[in-house]
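Everything below concerns the one structure shown next.
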Amino acid sequence: MSFDLKQLIRPHLLNLKPYSSARDEYKGTKGVFLDANENSYGSVTTEGNYSRYPDPLQHQVKEELSKIKGSPAAQIFLGNGSDEPIDLLFRIFCEPLKDNFIQTPPTYGMYQVCADINNVQTINVNLSPDFQLRTAEILAAVTPHTKLLFVCSPNNPSGNSLKEEDMILLLESFKGLVVVDEAYIDFSAQESFIKYLPKYPNLVVLQTFSKAWGLANLRCGMAFASSEIIAIMNKVKYPYNINGLTQALALDALRNIAKKNDYVARIIAQRKVLETDLARLPFVKRIHPSDANFILVAFENANELFAYLIDHEVITRSRTKVILCDDCIRVTVGTEAENEVFLNTVKSFYN
Ligand SMILES: Cc1ncc(COP(=O)(O)O)c(C=O)c1O
18 MSFDLKQLIR
28 PHLLNLKPYS
38 SARDEYKGTK
48 GVFLDANENS
58 YGSVTTEGNY
68 SRYPDPLQHQ
78 VKEELSKIKG
88 SPAAQIFLGN
98 GSDEPIDLLF
108 RIFCEPLKDN
118 FIQTPPTYGM
128 YQVCADINNV
138 QTINVNLSPD
148 FQLRTAEILA
158 AVTPHTKLLF
168 VCSPNNPSGN
178 SLKEEDMILL
188 LESFKGLVVV
198 DEAYIDFSAQ
208 ESFIKYLPKY
218 PNLVVLQTFS
228 KAWGLANLRC
238 GMAFASSEII
248 AIMNKVKYPY
258 NINGLTQALA
268 LDALRNIAKK
278 NDYVARIIAQ
288 RKVLETDLAR
298 LPFVKRIHPS
308 DANFILVAFE
318 NANELFAYLI
328 DHEVITRSRT
338 KVILCDDCIR
348 VTVGTEAENE
358 VFLNTVKSFY
368 N
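For reference, each letter of the sequence shown is one residue, going 18 to 368 in this note's numbering.
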C-alpha cells in the first residue's frame, strides 16, 4: 500500500502558517510576563488563579501519557473531548462537497455529524449482524475521494470489539486514514492499536478521559498518530484548546492510574453481574457481548420498557430505531446499587 500524507491533506493547509501565541514565542517560566495581555492582578474568582493562558501544547500531560501509552509525546494530540480530533480530521483531510468518508453503522453518531457540518459525504457500510466489519464491502465502497475510514472498537452501541485482523486488513488495503476509536478500550481484553502506529502511517487511534478515567466533565480526548499527522492537527486546532484546569486534573489522574484500574475492574465485574442477572429474565431476548462499560440488550416490548424506566427515573438509551439494534436498549454499567435499581425496575415492568 502506498501512503502519501501530503496527497491526503487539503492542499490549502499544506503551507498554513499557524497562529503564534505568546507562549509559543517565549517558553521560559521565570520573569515578569507582560506579553499576553493577561490580567496581572489575578482572576475574579473566589478561589484559584486562572489569569495566565495555559500551555498550548500540554507538554506535561503528554509526557505523562507517553509513559503510560508507550507513544512518544510528539505522537499525541489532546482535544476538547474526542469530538475535537474527530472534527479536525474532517477539516484537515476532507474537501467539502468533494471528498467522502466511510463509517460502519451502527456506530458512534459524531462521525456523521462532523461530516455533515463539514459538508462531507458519508458512505455507510453496515456491520454484519454480529457487529463485525464487512471488509470486502468496505473496500468495495472506497472511491478516489474517500479520505477517512472510521472504525470503533469496542463499538458504540453494540459494545463488542472488532476483529483485529479485519482492522489490519483495512489498514493495509486503504490508502486514506483509518481512524480506530478506542473510547472504551480500557474495558476490553483487546490491546490498543497504538502498538501498530510504527507500522501503519495511515493509522489514527482515538482515546478519551471520559470513560475509564471518569473525567467526562473535563472534556479531554486523545489522538495518537504519526508525528506528521499530529503536527498538522496542532497547526489547525485553536491555540489554547485545553484549559489549564483540565490539564492539571488530567495530569493528576494519570499519576493515579491505580485508581483508574480499580474502577475498570469494578465496572467489568458489575458488567458480568448485569449480564448474568439479565440472562435469567425470560423477556430478555438477547444480551450482546460487551467489551465496554455498557451493554446492548434486546427486550420484549423495548419501547414501552424504555418509557417505563424513564417514568421511574431510570435513564437508559433507546437504540430501537438504530440499524441492527431492533428492540435494543443500551444500558451503562452503573454501581452495584444503581444496577440493582435498574434490574428491579425492569422486573417490575414485566410483572
Ligand atoms: C465511541 C465513542 N467515541 C468518542 C466518544 C466521545 O468521547 P469524548 O467525551 O472524549 O468526546 C464517545 C462518547 O460516548 C463514544 O461513544
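Idealized CB from N, CA, C, for every residue including glycine.
Exercise. Is the segment 323 to 333 touching the segment 341 to 354, taking contact as three or more C-beta pairs under 8 Å?
Worked result: yes
Problem set entry | Reduced DSSP category for N56 - H, G, I as helix; E, B as strand; rest coil | coil
Problem set entry | Close Cβ partners of Q138 (< 6 Å) along its chain, the five nearest in sequence each way excluded | N117
For this session: Can you check the segment 268 to 341 for any beta strand (DSSP E) of at least 3 residues that lies completely inside it and give the ranges in chain order?
Result: 301 to 304 and 311 to 316
Exercise. Are Q264 and V78 touching if we call contact CB-CB under 8 Å?
Worked result: yes
For this session: Measuring alpha carbon to alpha carbon, tell me which of L22, R283 and A315 ends up nearest L298.
Result: A315
For this session: Report the partner residues of D198 according to the DSSP bridge assignment.
Result: C169 and L223
For this session: Take the Cβ of H305 as the centre, count every other Cβ of all protein chains shown within 10 Å, and call the residue buried at 16 or more, exposed below.
Result: buried
Problem set entry | Nearest-angstrom beta carbon gap, F20 and P218 [assumed within contact, 8 Å] | 5 Å
Exercise. Is A206 closer than 8 Å to G96 when the C-beta atoms are compared?
Worked result: no
Exercise. Going by the beta-carbon positions, is the gap between Y257 and P71 smaller than 8 Å?
Worked result: yes
Exercise. From L166, R272, L194 and L150, pick the residue whose C-alpha is nearest to that of L220; which is it?
Worked result: L194
Exercise. Could you check where the beta strand (DSSP E) with I26 kicks off and where it finishes?
Worked result: Taken as a continuous stretch (DSSP letters only), I26 belongs to no beta strand (DSSP E), as it is neither H nor E.
For this session: Return the CA-CA distance between L114 and V196, expressed in angstroms with no decimal places.
Result: 21 Å
Exercise. Is D100 near ligand 1, going by C-beta to nearest heavy atom under 7 Å?
Worked result: yes
For this session: Could you tell me the distance, in whole angstroms, from the CA atom of E182 to the CA atom of F94?
Result: 26 Å
For this session: Could you work out which residue in T352, T63, F323 and D147 is closest to S365 when comparing CA atoms only?
Result: F323
Exercise. Is it buried or exposed for Y255, if we count other Cβ within 10 angstroms and need 16 for buried?
Worked result: exposed
Exercise. Quick check: the segment 125 to 137 against the segment 265 to 273, are there 3 or more CB pairs under 8 Å?
Worked result: no
Problem set entry | Residues of its chain near F311, where Cβ-Cβ distance is below 7 Å and the 5 sequence neighbours each way are ignored | G176, R347, V348, T349 and V350
For this session: Using alpha carbons as the reference points, say which of K212, E353 and D343 lies closest to A282.
Result: E353
Exercise. I think I119 touches L166, with their Cβ atoms under 8 Å apart; what is that distance to the nearest whole Å?
Worked result: 5 Å
Exercise. What's the call for S99, buried or exposed, on a 16-neighbour Cβ count within 10 Å?
Worked result: buried
For this session: Just the C-alpha distance for F359 and D104, rounded to the nearest angstrom, thanks.
Result: 35 Å
For this session: Rank N368, E112 and E208 by C-alpha distance to the C-alpha of C131 and give the top, closest one.
Result: E112
For this session: Give the C-beta separation of Q92 and S209 to the nearest angstrom, bearing in mind that I take them to be a contact with Cβ-Cβ under 8 Å.
Result: Q92 to S209, Cβ: 13 Å. No contact.
Problem set entry | Rounded straight-line distance, which links the Cα of K47 to that of A90 | 24 Å
Exercise. How should N320 be labelled, buried or exposed, when 16 other C-beta atoms within 10 angstroms of its C-beta is the threshold for buried?
Worked result: exposed
For this session: Please name the residue, chosen from G45, I185 and T124, that lies closest to C169 on a Cα-to-Cα basis.
Result: T124
Exercise. What span of residues does the alpha helix (DSSP H) with Q207 cover, start to end?
Worked result: Careful: Q207 lies outside any alpha helix (DSSP H) and carries neither H nor E.
For this session: Taking 8 Å as the cut-off, decide whether the C-beta atoms of R69 and E55 are in contact.
Result: yes
Problem set entry | A240: first and last residue of the uninterrupted beta strand (DSSP E) it sits in | G238 to F241
Problem set entry | As assigned by DSSP and simplified to three states, the class of R370 | One cannot answer for residue 370 here, as it falls past the ends of the chain, which runs 18 to 368.
Exercise. Among the residues of its own chain, which have a CB less than 6 Å from the CB of I247, if the five just before and after it don't count?
Worked result: Q92 and F94
Exercise. Nearest-angstrom Cα distance between F50 and N66?
Worked result: 15 Å
For this session: Give the single residue among D328, E189, D344 and F226 whose Cα lies nearest to the Cα of T152.
Result: E189
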